[in-house]
Amino acid sequence: MSAPPSPPQSPSSIDENAVLTSVMSTLRLEASAINLLARRISLQKELQANLIAAISLINSANKVVVTGVGKSGIIARKAVAMLRSLAIVSVFLDSTDALHGDLGLVQEGDVVLMLSNSGKTAELLQLIDHLNLRSVKLVALCSSPDSPLGKASHVWLDTSVPCEATPSFPAPTCSTTLTLALIDALCVASAEQRQMDAKTFKYHHPGGSIGSALVPPVEL
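Sequential numbering of the sequence shown, starting at 168, is according to the working numbering.
Below is the structure:
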């Protein structure tokens, strides 16, 4: 068995030009990934139809269940927080805990958003048969409709990217940023279809600088 690699060492000095080049490259690549998806959607009727179908499912759902593993799991939790602030009932489902009782969160009439860049995440794939037994709709956010997750879903949403921002190692960067942006777009479109306004938003988000900047709270 080979020895584990040594951890990266802190440099004795910073190459300022290299740092700025790296930062700007990452920002440009992540922005490009989002712009490329917007362009694909504008040109491809199938992607447009899939988005409309996803919004329709979200707005007619009993509740929205969101699941993902690793970085996708963090984005899934953010999606739940965003949906709740927009008065859309939502819960996060841990894929491991789901098989140990938390599938009780999922009920007939729910929509399940499943986040996986590869579409091959084993922890999500093992949930599919159990979710289908509950008569829910599956929306896959992944890079390929031909992936196992893409094929198993009722609606596939494209999160493919040309590359990550790290040429030497595949750290989730462009893919996670794109998924987060697409989640935000779904949430905003769903809220707009429900005619969300500032008064209703404050009712669900009264705290912080956002809440204080909005209209007075709704009287109960």
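Beta carbons: idealized from backbone N, C-alpha and C, even for Gly.
Residue i classed as buried or exposed, judged by whether at least 16 other C-beta atoms fall within 10 angstroms
i: residue 225; result: buried
i: residue 330; result: exposed
i: residue 186; result: exposed
i: residue 315; result: buried
i: residue 181; result: exposed
i: residue 233; result: buried
i: residue 110; result: The requested residue 110 does not occur in the structure, where the chain is confined to residues 168 to 387.
i: residue 217; result: buried
i: residue 167; result: The question about residue 167 has no answer, for the chain in this structure spans 168 to 387.
i: residue 249; result: buried
Bridge-paired residues (DSSP) for residue i
i: residue 233; result: 259 and 280
i: residue 325; result: 309
Residue i versus the options, residue with shortest Cα-Cα distance
i: residue 303; options: 322, 288 and 309; result: 322
i: residue 223; options: 373, 359, 369 and 367; result: 359
i: residue 298; options: 239, 287 and 278; result: 278
i: residue 325; options: 253, 342 and 333; result: 342
i: residue 348; options: 243, 236, 180 and 192; result: 243
i: residue 328; options: 189, 201 and 300; result: 201
i: residue 346; options: 172, 272, 240 and 368; result: 240
i: residue 335; options: 189, 184 and 370; result: 189
i: residue 344; options: 221, 212 and 203; result: 203
i: residue 296; options: 169, 351, 270 and 312; result: 270
Whole-angstrom C-beta distance between residue j and residue i, which should lie under 8 Å
i: residue 301; j: residue 273; result: 5 Å
i: residue 310; j: residue 284; result: 6 Å
i: residue 363; j: residue 253; result: 6 Å
i: residue 197; j: residue 340; result: 6 Å
i: residue 236; j: residue 262; result: 6 Å
Taking only runs of the alpha helix (DSSP H) that begin and end inside the stretch 241-323, which ones reach a length of at least 4 residues, in chain order? Listed in chain order, the complete alpha helix (DSSP H) runs (minimum 4 residues) inside the stretch 241-323 are 262-265, 289-292, 295-299 and 315-319.
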